[in-house]
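Visitor: Chains A and B are the protein sequences, given in the same order. Mapped onto this note's numbering, the consecutive letters of the first sequence carry residue numbers 1 to 477. Mapped onto this note's numbering, the consecutive letters of the second sequence carry residue numbers 1 to 413. Quick one: the structure is below, questions incoming.
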Amino acid sequence: MLFNSLAFLGFMAVILVIYPRLTLRVQNVFLLAGNYFFYGYWDWRFNLLLLISTIISFWAGRRIQASSNPKHRRWFLAFGVITNLGILGFFKYFNFFVDSTAALLSTIGVQPHTPVLQVILPVGISFYTFQALGYIIDVYRGKFEAEKNFIRFALFLSFFPLLLAGPIERAKNLLPQMSRPRTMTKEKVLEGLNLVLLGFFKKVAIADSLGQIVESIFASPGEMSNGQLWTGVYAYTFQIYGDFSGYTDIARGIARILGFELMENFNAPYLSRNITEFWRRWHISLSSWLRDYLYIPLGGNRRGRARTYGNLVVTMLLAGLWHGAAWNFVLWGFLHGLYLAGHRVVLRGRQVELSWPGTLSGWAGDILKTVFTFHLVAVSWVLFKCSDLATAWTYLRGLFVGFDLSELRFAVVFAGGLMIALDIAQTYFRTHTWLTERKWSKISMVKFSVAQIMLISVLSAAIAHIQTVMPFIYFQF
Amino acid sequence: MKTSKFRSLLWRASVMLLVAVPLTVLWGELFTRILLPQNLDSKMDIYAVDPVIGFIYQPGARAFEKGREYNVLYEINRVGLRDRDYGPKGKQDFRVLLLGDSFAASHGLAVEDSLSRQMEKALQTAVDRDGMPIKIEVINAAVGGYSPYNYWKAYQRWAPVVRPDVIIVGLSPDDHDCSNEDCTYIIKDGALLGMIRKGEDPPVAQGRSVKEIRKWLSWNSQFYVLLRNFIYYNDLVGQISRKALAKEMQRNQLPRFLTPQPQEMERAWAKTFAYLRQLRIDAANDAVEMIVIPIPSKVEIDPMEYRRVLDGSGLSPDQLDIHQPLRQITLNSKKEGIPLLDPSAAIRQRHTEVPCYFVYDGHWIAEGIRTAADSIAMQWRTLGLRPWNKAFLKVENRSGEALPQISGHVDAH
């Protein structure tokens, strides 16, 4: 069920009425049942896969913890990793690999008989699989003790707020919360509701409104003018951000209401001054996961410059593949890998936080760098959005032929401006905590007015879009 | 202490509301205009006061009428009819003047789908088939909101302009109501705002009424239109309002279906028939033939609609005679010798195949009108009415009774 649906409202109402009245152990069981109900609402068969992954990961963790023989530990690690990746690979990538292999063979004159399988893609499989893998690897590395209680572990892997689109939680952050007593306090509930409202504002009011513009332009890019194509790029750039960060805010808000703290997944990514900084601010749970479980094991930046660039490209290639079983996603990842490697080249061994070598500095330079980085990312989203490479190529070609931004729609500028303003405000309030700690009536009035504004925006957009319920973009991953 | 704390809280809450609410509304308007643009209602400022009928369309006016299920253009010709411009009548022209209310005027439909155009097409096909060198013109003088009193007045207004050969009176389900006789219409900037019945005091001007404010908002505020459309046009809300409409139907429309008929209904119909008689006399004096077409309501055609009304009324089926109005019109027409062309059977049959009425609005739609027009043309030809038969049917008071007085407005010709 979608967060922005009546069914979910009913589901949450039941949870919120019963949950606070339960003891810790019963809360865990109740939440676990709720998680499986939530997931099974999409398709009851998804629960079987989740349960299999849970059992395998729990068992692998326990065996790794219990074994002192390094060889056995590696065997259990491999078993846990391969089976989880195998499940993910089959359900997400089977048809992709079969079709790609067949296409490759046909170029050399071989016409293979390809098996046709209607493989359903379980919602959220990429997220909980990575979460499970992170757990198993952390246990193997000795960074975390294997969970002894199956209920707690199952709850960790199936926690409904983050089950469908993350964040990809680390065991050391979320698992201990399953054993600690949790209470729904007034402050937490208010904070949670604020986050939920913010999330809905970003998703329903901003992202879904931009979605109408995006669909109309990306449907037939060959017939669009340069200005319309740029409108589409900017609109999608803010749509995907509003959609994904909105979902995360809702997930974190719901978790907070229930007494859980989830990690932050976005930190004003479009205010990044360079691409490396962008990947520290965008989908933080995935980028940090890839850094810790892929990039660093590959050698990170410790094996010389060439190897560093290669590791970056490989990591981002797989990041692209994680997003979707299609060549446009792979190309998107490859492009970002090149971006990151290119930034390393520019830096020439210096620290990432430094400005460009001696020529541009200060706030003016930062703004220019931010705008440049923003456009690097925005253009790359074309590969992300287009359904195939040919369409993406048509779109990209049209972007760089005959610049004409006179057709840029004010709606996109307005929506983008709102998102950036929100990010700036959040960044400011994060660093000026004394403002939020004060109980001045003026602050209350500002907060109340802002909440009203967000609420009316969400309701208006929900009413306007009532005939077309737009799903969260990241559900497809 | 507690009182002062409460007062302080109340004060802060009031200030917050005073600041936040207007800000929210302003923001709602800005947000809607930029990201969720809505189509504002167009002003139906197409009306003008008329000394004969009461009100007519303004010549040359143009506006879109939007409703739950339609969005149609109203283009008014040079004389004040929702029709094409007509030149002087030629020798081969056979003109039919259509009088009636919103049903005959084909409310909610484009003019190409209207009853006048469809009848023109059907009649022309019939005369062409018989090899008659006649050009049929059916002129639409029907206007939503008219009653049989207005039909009579409309004849006086348009006959000298149009010079018809035949007039058709489309009698709709609520034509028993002639309570608007001799009233004054309130028209402001072309918008029809209301009417003052004879003997009523005019409303005291107390600033803008709620209705005027709502109209102004629907013309200027996209945020208002967004919310209004959600309430009025949403499917779920529409279903609820249909139930409410059924209640209104029970209050306003059911009496004409009740058996035995209440006395006030009998009196109302008598008045209607008196106006029709006067209309016929006036037309006959001009050598113009009159034909009556009873237009069935949805409840008379759609079994589900009938069921809904019956269930909502709390009455038993033998207390409701859904065909009573048609029977009365038919009896009266027979008594007065007025040709009656009834399309009900054809519409009823067609409605079993495709819808002939709007879902929420009670008016008929293009399919119903087309079916009616074909049926009317066929009956017209079968009965041998003009132009097939040039003989003029003489008007007589066949019953021998004196014509009832109609509030002093009947001019003897």
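Glycine included, each C-beta is placed from N, C-alpha and C at the ideal position. No experiment lies behind these values; they were computed from the predicted model shown.
Could I get the ranges of all uninterrupted alpha helix (DSSP H) runs contained in the region 103-154 of chain B, with 4 residues as the minimum, in chain order?
Guide: Runs of the alpha helix (DSSP H) inside the region 103-154 of chain B: 115-129.
Visitor: Can you pull the chain B residues whose beta carbon is under 8 Å from the beta carbon of Phe403/A, in chain order?
Guide: Under the 8 Å cutoff, chain B gives no residues; its nearest Cβ is about 24 Å from Phe403/A.
Visitor: Helix or strand or just coil, what does DSSP make of Asp93/B?
Guide: Here Asp93/B sits in strand by DSSP.
Visitor: Spatial neighbours of Arg386/B within its chain, please: C-beta separation below 7 Å, excluding the five flanking residues on both sides.
Guide: Excluding residues within five positions, the ones whose Cβ falls inside 7 Å are Asp165, Val166 and Glu289.
Visitor: Considering only the alpha carbon of each residue, which of Leu2/A, Arg152/A, Leu455/A and Trp327/A lies closest to Ala103/A?
Guide: Comparing Cα-Cα distances from Ala103/A to each of Leu2/A, Arg152/A, Leu455/A and Trp327/A, the minimum goes to Trp327/A.
Visitor: Does the region 135-154 of chain B come within contact of the region 66-75 of chain B, defined as at least 3 CB pairs closer than 8 Å?
Guide: They do not touch, by the three-pair rule.
Visitor: Short of 6 Å in beta carbon distance, which residues of its chain neighbour Pro181/A, apart from the five on each side in sequence? Order them along the chain.
Guide: Closer than 6 Å at Cβ, skipping near neighbours: Leu24.
Visitor: In the region 33-48 of chain B, which residues sit with their C-beta less than 9 Å from some C-beta in chain A, listed in chain order?
Guide: From the region 33-48 of chain B, only Ile34, Leu35, Leu36, Pro37 and Gln38 have a Cβ closer than 9 Å to chain A.
Visitor: Taking Cβ-Cβ distances shorter than 8 Å, what residues in chain A pair up with Leu10/B?
Guide: The premise fails here: Leu10/B is roughly 12 Å from chain A at the closest Cβ pair, so nothing lies under 8 Å.
Visitor: Any Cβ of chain B within less than 8 Å of the Cβ of Ile137/A?
Guide: It does not: the Cβ of Ile137/A has no partner Cβ on chain B nearer than 8 Å.
Visitor: So which of Ala372/B, Glu266/B and Phe257/B has the shortest CA-CA distance to Leu315/B?
Guide: The shortest Cα separation from Leu315/B among Ala372/B, Glu266/B and Phe257/B belongs to Phe257/B.
Visitor: List the endpoints of the continuous beta strand (DSSP E) containing Gly54/B.
Guide: Here the beta strand (DSSP E) through Gly54/B covers Gly54 to Tyr57.
Visitor: Could you tell me how far apart the beta carbons of Glu69/B and Tyr360/B are, in whole angstroms, since I believe they sit closer than 8 Å?
Guide: Contact holds; Cβ gap of about 6 Å.
Visitor: For Ser285/A versus Glu169/A, is the C-beta distance shorter than 8 Å?
Guide: In this structure, Glu169/A lies closer than 8 Å to Ser285/A by Cβ.
Visitor: According to DSSP, is Val123/A helix, strand or coil?
Guide: In this structure, Val123/A counts as coil in the three-state DSSP scheme.
Visitor: Count the other CB atoms within 10 Å of the CB of Asn69/A; is the residue buried (16 or more) or exposed (fewer)?
Guide: Per the 10 Å Cβ criterion, exposed.
Visitor: Do Leu49/A and Ile125/A have their C-beta atoms closer together than 8 Å?
Guide: Contact: yes.
Visitor: Among Ser106/B, Ser8/B and Pro262/B, which one has its Cα closest to the Cα of Val171/B?
Guide: The sequence as given places Leu at residue 171/B; Val does not occur at that position. The option with the nearest alpha carbon to Leu171/B is Ser106/B.
Visitor: Taking Asn69/A as part of the beta strand (DSSP E), name the residues at either end of that continuous run.
Guide: Taken as a continuous stretch (DSSP letters only), Asn69/A belongs to no beta strand (DSSP E), as it is neither H nor E.
Visitor: In chain B, what lies closer than 8 Å to Gln426/A by C-beta?
Guide: What Gln426/A touches in chain B: nothing, since even the nearest Cβ is about 19 Å away.
Visitor: Does any CB atom of chain B fall closer than 8 Å to the CB of Phe160/A?
Guide: Answer no: the Cβ-Cβ gap between Phe160/A and chain B never drops below 8 Å.
Visitor: Let me check one thing: in DSSP terms, what residues is Ala191/B bridge-paired to?
Guide: Answer by DSSP bridge pairing, in chain order: Lys188/B.
Visitor: Tell me, which residues are paired with Val166/B by DSSP?
Guide: DSSP, once it has assigned bridges, lists Val96/B and Glu289/B as partnering Val166/B.
Visitor: For Trp152/B, go through chain A and note every residue whose CB falls closer than 8 Å to its CB, in chain order.
Guide: By Cβ distance, chain A contributes nothing, its closest Cβ being about 46 Å from Trp152/B, past 8 Å.
Visitor: Starting from Tyr74/B and walking both ways along the alpha helix (DSSP H), at which residues does that stretch end?
Guide: That residue, Tyr74/B, is in no alpha helix (DSSP H); its beta strand (DSSP E) goes Asn71 to Glu75.
Visitor: Nearest by alpha-carbon distance to Glu120/B: which of Ile338/B, Phe103/B, Ser313/B and Val96/B is it?
Guide: The shortest C-alpha separation from Glu120/B is found at Val96/B.
Visitor: Can you name the residues of chain A whose CB is closer than 9 Å to the CB of Gly28/B?
Guide: Those are Ile453, Ile456, Ser457, Leu459 and Ser460, listed as they occur along chain A.
Visitor: Measuring only between beta-carbons, confirm whether Ala7/A sits less than 8 Å from chain B.
Guide: Not an interface residue.
Visitor: In chain A, what lies closer than 7 Å to Leu226/B by C-beta?
Guide: Simply Ser460, Ile463 and Ala464.
Visitor: When you compare the CB positions of Leu399/A and Val413/A, do they come within less than 8 Å of one another, or not?
Guide: Taking 8 Å as the Cβ cut-off, Leu399/A and Val413/A do not qualify as a contacting pair.
Visitor: Would the region 411-425 of chain A and the region 231-246 of chain A be scored as touching if the rule is three or more Cβ pairs under 8 Å?
Guide: Yes, the region 411-425 of chain A touches the region 231-246 of chain A.
Visitor: Flag Phe414/A as yes if its beta-carbon sits less than 8 Å from any beta-carbon of chain B, otherwise no.
Guide: Interface residue, yes.
Visitor: Smallest Cα separation from Val450/A: which of Leu217/B, Gln328/B, Leu17/B and Ile186/B?
Guide: Val450/A has its Cα closest to that of Leu17/B, out of Leu217/B, Gln328/B, Leu17/B and Ile186/B.
Visitor: Using the C-alpha atoms, what's the distance from Phe3/A back to Leu9/A?
Guide: So the two alpha carbons sit approximately 8 Å from each other.
Visitor: Helix, strand or coil for Asp99/A? Go by DSSP, reduced to three states.
Guide: Asp99/A falls in the helix class under three-state DSSP.
Visitor: So the candidates are Asp208/A, Gly417/A and Ser387/A; which of them puts its Cα closest to the Cα of His465/A?
Guide: Minimum Cα distance to His465/A is reached at Asp208/A.
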